[in-house]
């Protein structure tokens, strides 16, 4: 058997980064009948709900992982038990952050949250083997990483907004939010979002995130029926996201509920964030022609938003910015990077 390869240890989080991430952290609003909530990965390990598996003939050897120092980077995939959680989350619910400050004039705070499964109530027959088109007709898969990215710009010298100060004296303010919606990021300016939420002129800004039931995609406003998303160049169905089920850690003291993504002293991925395999099992036959579910995701460090949160993408703006009551949105700046001036 292959000798286990341990994952690199993570450094302690930087107080400056944590203070920034706490002030801008999103408010998670789940659908009223959502069954899954962001999982604290290390607590899942401590509770013996995680295994590291190697694909082998007839069966997979899957020893339990009870702490991060037991992670084997040579394993093919991580297997997570799909355990129920109290409504709104519980003590074992948390999300993760990373401050990306390598872009001139911008800071990016990535927020990531993990679900043990992405079921799909939309597809029915089209999730069956032989009918499945991954990413189009079926999105059923083990594990699910979702989140948003908050974009910060330099704080004006004269403003009603609360500026976030870093240890080096620089001052920043949120100017946009990028919502992870399946295979793309959709961006909204702060001005647009405040108008959607009837929060025009609020000094303290924390983005609202309406989490779609089961698919867990992120949206800036609620939807009760006939919910839609733009995917692969077309308007497609989405599950409802009524926002009636707030995460229990939205307010008050946030200890373990906000944690840094594990990194090394050189900013490389560490601990479970360094695992390169799938986060979930998938059984396939005939060279992948028939699989029980679609492919599971990989760790945040292996996804595009982690390394390029500034990548250009579609923007949505108010269709009638002069009308204070209008909440209709339109496409604007289809491929604009948030490094550039923010579309309004």
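Numbering (the numbering used here), first residue to last: 3 to 346. Ideal placement from N, C-alpha and C gives every residue a C-beta, glycine not left out. Treat the numbers as computed from the prediction; the structure is a model and nothing was measured.
**Request:** Quick one: using the 10 Å Cβ neighbour count with 16 as the cut-off for buried, is residue 5 buried or exposed?
**Result:** exposed
**Item:** Three-way DSSP call (helix, strand, coil) for residue 24 in this model
**Value:** helix
**Item:** Between the CA atoms of residue 93 and residue 348 - distance to the nearest angstrom
**Value:** Examination of residue 348 is not possible in this model, given that the chain is present from 3 through 346 alone.
**Request:** Can you grab the Cα-Cα spacing for the pair residue 109 / residue 221, in whole Å?
**Result:** 22 Å
**Message:** Under DSSP, the beta strand (DSSP E) around residue 45 begins and ends at which residues?
**Reply:** Premise fails: residue 45 lies in the alpha helix (DSSP H), 43–48, not in any beta strand (DSSP E).
**Request:** Would you check if the distance between the CB atom of residue 53 and the CB atom of residue 43 is smaller than 8 Å?
**Result:** no
**Message:** Helix, strand or coil for residue 335? Go by DSSP, reduced to three states.
**Reply:** strand
**Message:** What does the Cβ neighbour count give for residue 342, buried or exposed, with the cut at 16 atoms within 10 Å?
**Reply:** exposed
**Prompt:** DSSP three-state call for residue 114: helix, strand or coil?
**Reply:** strand
**Request:** For chain B, find out if any of its Cβ atoms is closer than 8 Å to the Cβ of residue 147; answer yes or no.
**Result:** This model lacks chain B altogether, as it is built from one protein chain only.
**Asked** Rounded to a whole number of angstroms, what is the C-alpha to C-alpha distance between residue 330 and residue 192?
**Response** 16 Å
**Message:** Going by DSSP in three states, residue 4 sits in which element: helix, strand or coil?
**Reply:** coil
**Request:** With distances taken Cα to Cα, identify the nearest neighbour of residue 332 among 120, 252, 189 and 33.
**Result:** 189
**Request:** Measure the alpha-carbon distance for residue 84 versus residue 116 and round it to whole angstroms.
**Result:** 12 Å
**Message:** Whole angstroms are fine: how far does the CA of residue 62 sit from the CA of residue 22?
**Reply:** 43 Å
**Buried versus exposed call for residue 261 [16 or more other C-beta atoms within 10 Å across all chains shown]** = buried
**Request:** Give the straight-line distance between the Cα atoms of residue 124 and residue 230, rounded to the nearest whole angstrom.
**Result:** At residue 124, the pLDDT of 47 sits below 50, so the modelled position is not reliable; the number obtained from the coordinates is stated separately. The straight-line gap from Cα to Cα measures roughly 12 Å.
**Message:** My output table needs one value for residue 230: the three-state DSSP class, helix, strand or coil.
**Reply:** strand
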